[in-house]
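Q:
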Amino acid sequence: MKNIKFEDGKVYLLDIPKKFKKITGTRFGAVLDANKWQTPFQAWCEITKAWCKPFDGSIYTEAGKVIEDKQITWFSRYLPVVRPEDIYGKGFFDKTYGDFFKDDPIFGGMWDSLVGTKEEPTGVIECKTTKRSEDWEDDVPEYYALQASLYAYEKGLDDVYMIVTFLDEGDYENPEAFECSAENTTYVHFKVSERYPHFQKCIDYCTDWWNRHVLTGISPAYDEKADKEYLDALRTTVVTEDTDFNVLLEEAEALYAHIEEVKATISKDEKRLKEIEGMFKKYAIDNEEEGQEKSVFKGRGMSWVVSRSEKQTLDTDRLKKEGIYDNYLKSEISYTIRKTVNKDGESK
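Take any residue in the sequence shown, note its place counting from 1, add 1477, and you have its number in the numbering used here.
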């Protein structure tokens, strides 16, 4: 988390990073407040690296990755297609770092495929899988259309082809066996110039938003309810393996795992030892003589010492009764440390 402050319903970065994440297709709709899954404030958090929601893969995202190639193959029966590997080669994601628009300092992302040829592409293809067919009954969901339109704009193209495959719940269990067909897959074609006659205004708005919020480190207004997860994270300092503490974190996790493993095998012995030590203590108290400060239980290899000590404490009840207790109160800051288990099963 960056050094930040909260003021007037906004977040201010006191340590603005030298490099930002870009406005990708998914964030494009969020910045325009047209993405029902992400707010402009959440997009700002990710772009400025104030806080990024950890990617949580699921059967839905995995199915999308597996079936995408099947969608492109299915679509290639209608129009010629150009895949990313045709241009960037195998391992294109690692080569491009997930950004096909390196020359643009603000907008970025990856198109799924192109229509046409490598030398002369004519359109952009964007693939989606869903079990919510109702979302597509009237039209392409706006945030998806904006995503594909941004990629077409960046490529200097006007045609967009949205391929959508409708899945049943069982299809997510074994996406490798799924086959695209006319019964479960279709595509929607539109021209950016017709759907968004003033698309340049969207680009200009996002550019201005970038200058006002990203470059200055001043967030757009947040909503305590809609942005709760992000706000909770920003209000909590978390040291992760991305910091200089990575070596210590790895060592601490290994030690913790080993201790937990050992503790599981000695829990009964610990309980019995505690009972025996309780017997030592009781005997020492019951047989204490006047002036005696300690009792020693000496074995062959170890000794247990029960020590008697005395300390003076304030009679707080009396001080409160006399009305002077608050006069002697002082504040002290203390810190505690506890361990929690991450969702992926690792300790932290």
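Glycine included, each C-beta is placed from N, C-alpha and C at the ideal position.
Check whether the segment 1491 to 1509 touches the segment 1683 to 1701, counting contact only when three or more Cβ pairs, one atom from each stretch, lie closer than 8 Å.
A: The segment 1491 to 1509, when compared against the segment 1683 to 1701, does touch it at the 8 Å Cβ threshold.
Q: Counting only runs of 3+ residues fully inside the segment 1527 to 1597, write out the beta strand (DSSP E) ranges in chain order.
A: Fully enclosed beta strand (DSSP E) runs of 3 or longer: 1590 to 1593.
Q: Out of A1622, T1642 and K1751, which has the shortest C-alpha to C-alpha gap to L1509?
A: Nearest C-alpha to L1509: A1622.
Q: Pull up the distance between the alpha-carbon of A1731 and that of H1690, whole angstroms please.
A: Each residue's Cα considered, the two are about 41 Å apart.
Q: Given this structure, state the Cα-to-Cα distance separating E1841 from F1584, to the nearest angstrom.
A: Residue coverage of the chain in this structure runs from 1478 to 1825, which leaves residue 1841 outside it and unanswerable.
Q: Could you spell out where the alpha helix (DSSP H) holding L1708 opens and where it closes?
A: Counting along the chain, the alpha helix (DSSP H) containing L1708 begins and ends at K1705 to L1711.
Q: Only counting the same chain, and skipping five residues up and downstream in sequence, which positions put a Cβ closer than 6 Å to that of K1547?
A: Closer than 6 Å at the Cβ level, and outside the excluded window around K1547, lie C1657.
Q: Which residues in the same chain as D1635 place their Cβ atom closer than 7 Å to its Cβ, once the five residues preceding and following it in sequence are excluded?
A: Result list for D1635: A1629, K1668, V1669 and S1670, in chain order.
Q: Could you tell me the distance, in whole angstroms, from the CA atom of L1708 to the CA atom of E1701?
A: Cα-Cα distance, rounded: 7 Å.
Q: Below 8 Å on the Cβ atoms is my contact criterion, and I expect T1606 with A1540 to pass it. Report the Cβ-Cβ distance as a whole number of Å.
A: That belief holds up - the Cβ atoms of T1606 and A1540 are roughly 6 Å apart, short of 8 Å.
Q: Just how far apart, CA to CA, sit N1651 and I1544?
A: Computed Cα separation, rounded: 10 Å.
Q: Let me check one thing: in DSSP terms, what residues is G1600 bridge-paired to?
A: Answer is V1592 and D1636, bridged to G1600.
Q: How far does the beta strand (DSSP E) with E1523 in it extend, from its first residue to its last?
A: Run containing E1523: none in the beta strand (DSSP E); it sits in the alpha helix (DSSP H), P1517 to I1524.
Q: Check this for me: beta carbons of A1520 and A1507, under 7 Å apart or not?
A: A contact, by the Cβ cut-off of 7 Å.
Q: With burial defined as no fewer than 16 other Cβ atoms inside 10 Å of the residue's Cβ, what is the status of R1504: buried or exposed?
A: By the neighbour-count rule (16 or more Cβ atoms within 10 Å), R1504 is buried.
Q: Check whether the segment 1765 to 1774 and the segment 1732 to 1749 touch, using three or more Cβ-Cβ pairs below 8 Å as the test.
A: Verdict: no, contact absent.
Q: Mind checking whether T1501 and G1586 have CB atoms under 7 Å apart?
A: Contact: yes.
Q: Per DSSP, what kind of secondary structure is S1784 in: helix, strand or coil?
A: Three-state result, S1784: strand.
Q: So what's E1484 in DSSP terms, helix, strand or just coil?
A: Strand, per DSSP.
Q: Output needed for T1525: all residues of its chain with C-beta closer than 7 Å, excluding positions within five of it in sequence on either side, in chain order.
A: Excluding positions up to five away in sequence, the list reads L1490, P1494, F1497, V1691 and G1694.
Q: To the nearest angstrom, how far is the alpha carbon of E1799 from that of K1705?
A: Distance between the alpha carbons of E1799 and K1705: 46 Å.
Q: Please tell me whether E1603 and D1612 are closer than 7 Å, where the distance is taken between their beta carbons.
A: No, the pair does not count as a contact, with Cβ atoms beyond the cut-off.
Q: Tell me where the beta strand (DSSP E) around T1663 begins and ends.
A: Note, T1663: beta strand (DSSP E), T1662 to K1668.
Q: Does the beta-carbon distance from R1785 to E1770 come in below 7 Å?
A: It is a contact, given that the beta carbons lie within the stated cut-off.
Q: Could you tell me the distance, in whole angstroms, from the CA atom of K1542 to the CA atom of S1535?
A: If I take the Cα positions, the gap works out to 11 Å.
Q: Since F1505 is in the alpha helix (DSSP H), which residue starts that stretch and which ends it?
A: G1502 to V1508 is the extent of the alpha helix (DSSP H) around F1505.
Q: On a CA-only basis, which of I1801, F1577, M1779 and G1600 is nearest V1558? Give me that one, please.
A: V1558 has its Cα closest to that of G1600, out of I1801, F1577, M1779 and G1600.
Q: Between which two residues does the alpha helix (DSSP H) holding K1775 run?
A: Counting along the chain, K1775 falls outside any alpha helix (DSSP H), though it belongs to the beta strand (DSSP E) covering K1771 to K1775.
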